[in-house]
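Engineer: Pasting a structure below so you can have a look.
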Amino acid sequence: MTDERSFTAKFPSSVDESEPPAYNNFNEESRPARDWSHGKKLRTTFLVGCLRFVSSLAASSPSFALPTIASEFGTVGDRQLTALPLSAFLLGYIFGPLLIAPLSSTFGRVRVLQCSCLVFLIFNTAAGFASTNASLCGFRFLSGFGGSGPVTLGIGILTDCWKADERTRMIPIYTLPVQLGPAVAPIIGAFTTKHLTWRWSFFCISIASAVVQIVAVIFLQETHVPLIGSDTSGAKKTILRTAVNEAFQRPLRIFTLHATTQLLALYAAVTYGIVYMSFVSFEDVWVRGYGQRSDLASLNFIAIAVGEIGGSLGVRPFNGWSYRKLTIRSNRADSARPEYRTPALVFGALLLPAGLLLSGWSAQSRLFPVVPNLGVALYAAGEVIVLQFTSLYIADVYEQRATDAMAGVYILRCLVGFGLSIVTPSMFHSLGYGFGNTLLAGSAVVIGWPLPWMIWAYGAKLRQRDQMHT
Numbered sequence: 000m001t002d003e004r005s006f007t008a009k010f011p012s013s014v015d016e017s018e019p020p021a022y023n024n025f026n027e028e029s030r031p032a033r034d035w036s037h038g039k040k041l042r043t044t045f046l047v048g049c050l051r052f053v054s055s056l057a058a059s060s061p062s063f064a065l066p067t068i069a070s071e072f073g074t075v076g077d078r079q080l081t082a083l084p085l086s087a088f089l090l091g092y093i094f095g096p097l098l099i100a101p102l103s104s105t106f107g108r109v110r111v112l113q114c115s116c117l118v119f120l121i122f123n124t125a126a127g128f129a130s131t132n133a134s135l136c137g138f139r140f141l142s143g144f145g146g147s148g149p150v151t152l153g154i155g156i157l158t159d160c161w162k163a164d165e166r167t168r169m170i171p172i173y174t175l176p177v178q179l180g181p182a183v184a185p186i187i188g189a190f191t192t193k194h195l196t197w198r199w200s201f202f203c204i205s206i207a208s209a210v211v212q213i214v215a216v217i218f219l220q221e222t223h224v225p226l227i228g229s230d231t232s233g234a235k236k237t238i239l240r241t242a243v244n245e246a247f248q249r250p251l252r253i254f255t256l257h258a259t260t261q262l263l264a265l266y267a268a269v270t271y272g273i274v275y276m277s278f279v280s281f282e283d284v285w286v287r288g289y290g291q292r293s294d295l296a297s298l299n300f301i302a303i304a305v306g307e308i309g310g311s312l313g314v315r316p317f318n319g320w321s322y323r324k325l326t327i328r329s330n331r332a333d334s335a336r337p338e339y340r341t342p343a344l345v346f347g348a349l350l351l352p353a354g355l356l357l358s359g360w361s362a363q364s365r366l367f368p369v370v371p372n373l374g375v376a377l378y379a380a381g382e383v384i385v386l387q388f389t390s391l392y393i394a395d396v397y398e399q400r401a402t403d404a405m406a407g408v409y410i411l412r413c414l415v416g417f418g419l420s421i422v423t424p425s426m427f428h429s430l431g432y433g434f435g436n437t438l439l440a441g442s443a444v445v446i447g448w449p450l451p452w453m454i455w456a457y458g459a460k461l462r463q464r465d466q467m468h469t
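Residue 430 in numbering that gives the first Met the number 0 sits at position 431 of the sequence shown, with consecutive numbering throughout.
If you want it as structure tokens, here you go:
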């Protein structure tokens with residue numbers, strides 16, 4: 000009893016008790032995927048996580064190969080052109096969700112997921128055969144377009160299979176693959192570039208993608224309610240016309256009209272952009288700054304992986320405990336609210352700027368490598384906590400429309416990541432790592448520290464306002 004009073008004292012009852020209506024008309028009984036066995040749902044979640052992991056591998060795989068690629072294609076000396084093969088992938092991540100999310104609502108998540116993964120496989124392989132910097136960037140864009148499928152649709156499949164209280168336990172399987180991929184890929188890219196050729200950094204990912212896709216074709220089943228048990232063959236023209244009309248409307252409409260989605264997307268974009276900047280700057284920090292060999296320098300990405308695993312698994316018990324405590328406190332069986340996820344967000348808001356300051360100034364001073372890597376692990380932990388909160392909150396609010404809502408978040412995330420990755424070399428060249436990371440930490444504080452309080456105090460009212468615009 001004392002623990003509960005202490006907990007609720009920190010988070011007073013300021014949540015509006017008038018819960019806004021749902022954003023869709025589906026109920027628990029209309030979700031057949033939730034009646035699957037626990038093992039089948041777990042297998043589905045794991046397979047989607049594997050597809051997300053392979054897609055995210057491609058996001059940062061060329062990071063340590065950029066100097067070699069620039070030397071081969073004659074872009075040495077132009078920092079923006081040198082970074083473009085890495086950043087072009089994010090452009091595909093920007094445009095892909097606009098089409099993929101609405102199509103999944105019409106044709107089913109798994110069918111669209113498989114098609115998008117096939118597009119990713121084809122053009123990621125083509126990137127390995129590119130003969131110019133322009134063709135490489137073009138193939139990277141198209142592979143990013145296809146690779147955005149599992150990233151966009153994962154939240155919808157998670158919502159189809161699991162109830163709100165179950166999603167807290169499953170969220171690491173959903174978020175960790177897409178976070179660990181960019182941390183593992185540069186290591187693969189660095190060693191293949193050093194001992195084979197930079198082209199094998201793409202071929203290795205394509206091989207892994209082909210294997211996972213074959214397994215997914217065999218075992219993945221449709222989870223989306225409108226398609227299960229229905230025959231759409233007699234209405235193909237109507238379905239196609241509806242899909243095209245909605246393709247560029249629903250995700251943008253949710254994003255532009257819903258304040259809660261805008262707030263979460265802004266913070267998620269800042270955190271993602273910060274981590275993506277590290278992919279661009281790592282080669283400069285460890286190879287030029289610390290004098291390490293490129294393949295050995297890539298091992299510093301392990302710090303990102305350690306931070307993300309620690310942040311994801313470390314905050315999960317508290318997230319589940321606080322969610323249950325706040326739900327019980329409300330004295331209503333059906334009163335679990337998205338805002339009850341907010342306490343865990345505080346950890347992410349604190350870890351992100353702390354890690355940035357530690358990593359930036361220790362790298363600037365050339366301290367022992369463990370120190371900047373500790374800072375990297377801290378801000379990586381903060382980033383994954385922010386992503387988990389965003390995913391859970393949107394899944395709770397939008398349920399069957401979570402894929403469309405999350406598409407807007409991913410679009411802004413990748414747009415910011417693309418822009419920051421282009422300016423990263425020039426920024427750190429001008430400011431240095433200490434002041435550069437201080438600037439980023441300040442941005443994280445200005446945006447991130449007020450957000451938990453705003454969501455806690457005004458989340459329900461904002462959702463009520465958003466419902467009026469739906």
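Glycine is no exception: its CB is placed at the ideal position from the N, C-alpha and C atoms.
Here the structure is a predicted model, which means the values were calculated and not measured.
Counting C-beta neighbours from all protein chains within 10 Å, is the total for leucine 461 16 or more, i.e. buried, or is it exposed?
Structural biologist: With a threshold of 16 other beta carbon atoms within 10 Å, leucine 461 meets it and is buried.
Engineer: Does the beta-carbon of threonine 7 have 16 or more other beta-carbons within 10 angstroms, so that it is buried, or is it exposed?
Structural biologist: Only weak support is given to the placement of threonine 7: the predicted model assigns it a pLDDT of 45, under 50, and the value that follows is read from those uncertain coordinates. Label assigned to threonine 7: exposed.
Engineer: How would you write the range of the alpha helix (DSSP H) that leucine 103 sits in, first residue to last?
Structural biologist: Here residue 103 is serine; the residue named in the question, leucine, does not match the sequence. First-last of the alpha helix (DSSP H) with serine 103: 78–106.
Engineer: Suppose the cutoff is 8 Å on Cβ atoms and the five residues either side in sequence are ignored; what does the same chain contact list for methionine 453 look like?
Structural biologist: Excluding residues within five positions, the ones whose Cβ falls inside 8 Å are Leu262.
Engineer: If I measure Cβ to Cβ from serine 229 and keep anything under 8 Å in the same chain, skipping five residues before and after, which residues do I get?
Structural biologist: Low per-residue confidence applies at serine 229: pLDDT is 49, beneath 50, and the placement is therefore not dependable, though the value from the model is reported in the following sentence. Its chain contains no residue whose beta carbon lies nearer than 8 Å to that of serine 229 once the 5 sequence neighbours on both sides are disregarded.
Engineer: Tell me where the alpha helix (DSSP H) around phenylalanine 316 begins and ends.
Structural biologist: What sits at residue 316 in the sequence shown is proline, not phenylalanine. Judged by DSSP secondary structure, proline 316 falls within the alpha helix (DSSP H) whose first and last residues are 301–328.
Engineer: When the Cα atoms are used, what is the spatial distance from histidine 257 to lysine 39?
Structural biologist: 34 Å
Engineer: CA-CA distance, leucine 366 and arginine 166?
Structural biologist: 41 Å
Engineer: Who are the near neighbours of alanine 209 in its chain, counting only those whose CB is closer than 7 Å to its CB and skipping five residues on each side?
Structural biologist: Leu120
Engineer: Short of 7 Å in beta carbon distance, which residues of its chain neighbour proline 451, apart from the five on each side in sequence? Order them along the chain.
Structural biologist: Sequence-distant partners of proline 451 (beyond 5 residues in either direction) whose C-beta falls short of 7 Å from its own C-beta, in its chain, are Thr341, Leu344, Val345 and Ala348.
Engineer: Going by C-alpha to C-alpha distance, which of Thr437, Cys116, Asp283 and Tyr339 sits closest to cysteine 49?
Structural biologist: Cys116
Engineer: Would a C-beta distance cut-off of 8 Å place serine 361 and glycine 374 closer than the cut-off?
Structural biologist: Between serine 361 and glycine 374, the CB-CB gap stays under 8 Å.
Engineer: Looking at C-beta atoms only, is the number of pairs between the stretch 173–190 and the stretch 301–314 that lie closer than 8 Å three or more?
Structural biologist: yes
Engineer: Would you kindly work out how many angstroms separate the C-alpha atoms of leucine 98 and alanine 353, rounded to a whole number?
Structural biologist: 37 Å
Engineer: Under a three-way DSSP split, which group does tryptophan 285 fall into?
Structural biologist: helix
Engineer: Is glutamine 178 near the ligand FAD, judged by its Cβ being under 7 Å from some heavy atom?
Structural biologist: Annotation note on the ligand FAD: not contained in the displayed structure, which lists no ligands.
Engineer: Report buried or exposed for serine 297, applying the criterion of at least 16 other Cβ atoms within 10 angstroms of its Cβ.
Structural biologist: Buried, since its Cβ has 16 or more Cβ neighbours within 10 Å.
Engineer: How many whole angstroms separate the CB atoms of arginine 336 and alanine 459, which I take to be in contact at a CB cut-off of 8 Å?
Structural biologist: 7 Å
Engineer: Kindly indicate the opening and closing residues of the alpha helix (DSSP H) around leucine 50.
Structural biologist: 37–59
Engineer: By the three-class DSSP mapping on this structure, what secondary structure does serine 130 have?
Structural biologist: coil
Engineer: Cα separation between leucine 356 and isoleucine 303?
Structural biologist: 15 Å
Engineer: Taking the C-alpha atoms as reference points, what is the distance between proline 143 and serine 134?
Structural biologist: Contrary to the premise, residue 143 reads as glycine rather than proline in this sequence. Going from the Cα of glycine 143 to the Cα of serine 134 covers about 14 Å.
Engineer: With aspartate 395 as the anchor, note down where its alpha helix (DSSP H) starts and where it stops.
Structural biologist: Residues 369–397.
Engineer: So what does DSSP say about arginine 336, is it helix, strand or coil?
Structural biologist: coil
Engineer: Threonine 131: buried (16+ other C-beta within 10 angstroms of its C-beta) or exposed?
Structural biologist: exposed
Engineer: Nearest-angstrom Cα distance between threonine 260 and histidine 194?
Structural biologist: 45 Å
Engineer: On the three-state DSSP scale, how would you describe glutamine 212?
Structural biologist: Here glutamine 212 sits in helix by DSSP.
Engineer: Does the stretch 401–413 come close enough to the stretch 265–272 to have 3 or more Cβ pairs within less than 8 Å?
Structural biologist: As far as the Cβ criterion goes, the stretch 401–413 touches the stretch 265–272, which means the pair count is three or higher.
Engineer: Leaving out five residues before and five after phenylalanine 254 in sequence, what residues of the same chain have Cβ atoms less than 6 Å from its Cβ?
Structural biologist: Thr260 and Gly407
Engineer: Using only the alpha-carbon positions, how far apart do methionine 426 and leucine 219 sit?
Structural biologist: 44 Å
Engineer: Just the Cα atoms here: how many angstroms apart are alanine 440 and proline 31?
Structural biologist: Using only the alpha carbons, I get a separation of about 45 Å.
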